[in-house]
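Numbering (UniProt numbering), first residue to last: 1 to 751. For each residue, glycine too, the CB sits at the ideal point set by N, CA and C. Just so you know, these numbers come straight off a predicted model, no measurement behind them. Okay, so here's the structure we're looking at.
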């Protein structure tokens with residue numbers, strides 16, 4: 001007899017199934033009346049059940065197995081003999097019966113339990129009843145099988161797996177926005193469990209695809225016994241494809257990539273102007289950089305030409321993702337610190353990138369011609385962040401420059417060349433190109449133009465390029481000098497016409513010899529790629545504030561580039577949405593189209609545009625349909641406008657300021673109701689003021705003054721210690737009632 005006890009479901013014990021397999025008739029399933037548990041496997045650490053492993057007693061005696069040797073052959077019961085004979089004589093009926101039996105089995109046993117049964121049969125080596133009837137020798141072969149040992153081994157294996165469950169790490173990092181389903185996968189808990197917990201414990205009705213607020217995620221993770229660790233999404237996660245950093249006989253020295261990082265208005269673009277001998281600042285709206293830009297400079301150092309590639313990054317806080325993108329693809333960082341301003345928020349953010357990615361850097365002190373000299377304080381603040389300058393005994397170079405006057409620019413470039421030479425930067429021109437996507441714009445005539453930096457190999461027109469799950473063929477290449485070229489080399493920033501869909505900014509790209517290879521790579525790497533929730537994460541996310549009724553601001557966003565759109569969405573996520581939630585109906589880059597106009601009319605949502613062109617026919621449609629449309633060139637102004645729209649939605653709120661008290665002396669009746677004759681004991685009484693009527697320290701009425709008279713004349717104000725008569729929506733006046741008079745002051749609206 002063989003007994004298999006299976007516990008199904010990870011968190012709750014379902015009804016256990018018991019199988020009894022007879023050696024001859026294992027197709028027939030017998031149900032045990034009072035079974036005993038031999039081994040219990042618990043996969044949920046939160047569930048505590050204690051079951052003894054040893055059977056001490058059994059109420060029902062189970063008969064021993066019938067032996068099929070020669071001595072005991074005669075002891076087989078007559079019913080079984082008759083059954084065997086009937087099966088021998090009626091093979092067709094036997095086949096039909098087998099089919100019916102298998103259907104009955106499926107009704108009794110679930111598919112999961114049946115799999116266990118099949119597995120046990122394969123381990124035991126039992127053969128079908130048909131083969132047993134054919135040959136008596138098979139009975140003798142199966143006679144010595146030790147089925148209980150197999151069951152014991154099965155339990156032992158499961159127990160080992162159970163122990164491994166307890167050893168799973170309880171540490172978890174949440175570094176992106178998650179849906180209910182995503183979080184369930186992360187912590188290995190059924191989705192239904194999380195939805196039930198949110199509904200019963202938090203009063204929140206959630207669905208499987210709804211986005212969870214970070215606070216909700218942290219609460220769920222803690223409830224299920226996990227430790228929430230600090231996120232670190234600044235680390236580089238490179239997909240393995242080509243070994244671009246390996247030195248070979250075909251490797252050549254490549255140009256360094258230099259990123260300029262620092263706080264807004266600290267002179268990053270002005271410094272680049274001085275290096276390039278251009279006037280970029282005047283071309284920037286508002287005088288600030290709002291997208292990543294690349295420039296190449298040839299500089300002669302020690303009789304050798306160095307081709308330097310500079311990346312100018314925005315310093316405003318909303319462009320964090322663009323700064324991070326610049327840091328990931330750089331070889332040398334120029335950390336810009338203004339002499340008169342010192343270390344600021346984005347300066348410290350850049351320092352963290354330098355330390356976490358182990359980047360080489362040069363400290364550049366701008367505005368050194370200013371009267372105020374904070375150099376020692378700046379060095380001290382840098383030392384607190386483990387950036388110790390060379391003159392203080394450290395290894396970080398520091399250069400004071402004046403970009404406007406051009407002071408020490410040559411010294412800075414020399415230090416860059418010296419540092420680049422010491423880093424031994426190499427690349428292989430014979431390799432297929434690989435690198436990073438920086439940004440994408442939508443050209444009204446040419447289509448999608450992608451800006452990318454080549455980090456290894458040579459990119460040629462006609463190459464097949466893969467980025468994430470997108471595949472395209474290079475149709476044209478434009479270098480940083482706006483010249484159309486046939487090929488480009490490592491450390492070059494180029495704009496290519498290639499993709500039919502938008503590649504994700506910051507993603508890696510690789511070239512392949514054929515479309516077949518490229519498609520194989522896409523299939524292979526598809527498991528590593530995660531979906532981008534983009535602006536939808538702002539909408540329908542669940543938070544603890546869901547119990548508070550909130551108004552919604554619908555918006556349609558248009559921007560010039562993918563990077564700008566990313567910055568705008570990130571900026572919106574920093575706005576407090578406790579009272580008004582931003583609901584982005586659509587967000588895309590490129591010019592405003594007819595579809596945007598139709599969507600705005602249907603949803604009654606204003607269109608917010610950033611650095612895009614407005615075609616004449618679109619402008620006419622906006623005027624015709626009176627659409628709320630706003631165009632911005634500076635991200636500060638866009639933020640202020642959206643905040644103003646959110647405040648305009650809010651209902652006005654008033655604060656009650658106590659301005660006087662009055663005591664009821666007598667009560668008059670007229671055709672309009674009861675009049676309270678009062679004496680103003682302190683302050684003043686003003687017409688239409690808000691009042692509280694107190695009687696025996698209990699408020700009996702709250703309302704407004706509807707009529708105020710002084711000596712039978714209507715007045716707007718009565719001051720202490722004068723007498724007056726007043727009326728309100730209240731008739732039950734009594735002598736000695738205390739009236740508190742409040743002035744309604746409009747509160748300043750806050751989000």
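- Unbroken beta strand (DSSP E) runs of no fewer than 3 residues, entirely contained in the region 565-607, are found at 580-589, following chain order.
- Comparing C-alpha distances from residue 635 to each of 584, 571 and 606 shows the shortest one belongs to 571.
- Residue 733 and residue 705 have their C-alpha atoms some 14 angstroms from each other.
- Distance check between residue 394 and each of 656, 686, 362 and 676 places 362 closest, using alpha-carbon atoms only.
- The Cβ-Cβ distance between residue 703 and residue 681 does not fall below 7 angstroms.
- Per DSSP, residue 226 lies in no beta strand (DSSP E) and is assigned neither H nor E.
- Counting of Cβ neighbours within 10 angstroms places residue 199 among the exposed residues, the total staying below 16.
- Contact between residue 597 and residue 627 holds, with the beta-carbon distance rounding to 7 angstroms and staying under 8 angstroms.
- Counting only the Cα atoms, residue 646 lies some 37 angstroms from residue 452.
- Minimum Cα-Cα distance from residue 525 among the listed residues 388, 448, 492 and 469 corresponds to 469.
- According to DSSP, residue 418 shares a beta bridge with no other residue.
- Within the same chain, and ignoring the five residues on either side of residue 467 in sequence, the residues whose Cβ sits closer than 6 angstroms to its Cβ are 437, 503, 507 and 509.
- By the criterion of a C-beta distance shorter than 6 angstroms, residue 473 is surrounded in its chain by 464, once the five residues flanking it on both sides are discounted.
- Annotation: the continuous beta strand (DSSP E) that includes residue 723 extends over 723-728.
- Excluding the 5 residues flanking it on each side, residue 194 has same chain C-beta neighbours closer than 8 angstroms at 180, 183, 184, 206 and 220, in chain order.
- Between residue 496 and residue 477 the beta-carbon gap is near 5 angstroms, inside 8 angstroms, which marks them as a contact.
- In this structure, residue 684 sits away from residue 612, with a CB-CB distance that is not shorter than 7 angstroms.
- For residue 303, same chain residues with a beta-carbon under 6 angstroms away, outside a window of 5 residues either side, do not exist.
- Across the set 350, 360 and 374, the C-alpha of 374 shows the shortest separation from the C-alpha of residue 339.
- Your pair residue 413 and residue 299 checks out as a contact, with CB atoms roughly 5 angstroms apart and the cut at 8 angstroms.
- Counting the other Cβ atoms within 10 Å of the Cβ of residue 514 gives fewer than 16, which makes it exposed.
- Just so you know, the alpha carbons of residue 192 and residue 550 end up roughly 27 angstroms apart.
- Using a Cβ-Cβ distance cut-off of 8 angstroms, the region 329-346 and the region 249-261 are in contact, since at least three pairs of beta carbons, one from each stretch, lie closer than that value.
- Rounded to the nearest angstrom, the gap between the Cα atoms of residue 564 and residue 699 is 57 angstroms.
- Looking only at 186, 619, 479 and 178, the smallest Cα-Cα distance to residue 210 is reached by 178.
- When DSSP states are grouped into helix, strand and coil, residue 302 belongs to the coil group.
- In this structure, residue 675 sits away from residue 739, with a CB-CB distance that is not shorter than 7 angstroms.
- Shown here, residue 259 sits in a strand according to DSSP, grouped into three states.
- Residue 669 and residue 735 have their C-alpha atoms roughly 14 angstroms apart.
- The DSSP assignment places 654-670 and 673-686 as complete runs of the beta strand (DSSP E) inside the region 640-690, in order along the chain (cut-off: 3 residues).
- Closest option to residue 747, judged by alpha-carbon separation, among 222, 655, 722 and 718: 655.
- Taken atom to atom, the span from the alpha-carbon of residue 556 to that of residue 401 is near 44 angstroms.
- Looking from the CA of residue 461, the closest CA among 489, 677 and 586 belongs to 489.
- When beta bridges are read from the DSSP output, residue 485 appears opposite 477.
- For residue 193, the enclosing alpha helix (DSSP H) stretches over residues 191-202.
- For the pair residue 639 and residue 328, the Cα-to-Cα distance works out to about 28 angstroms.
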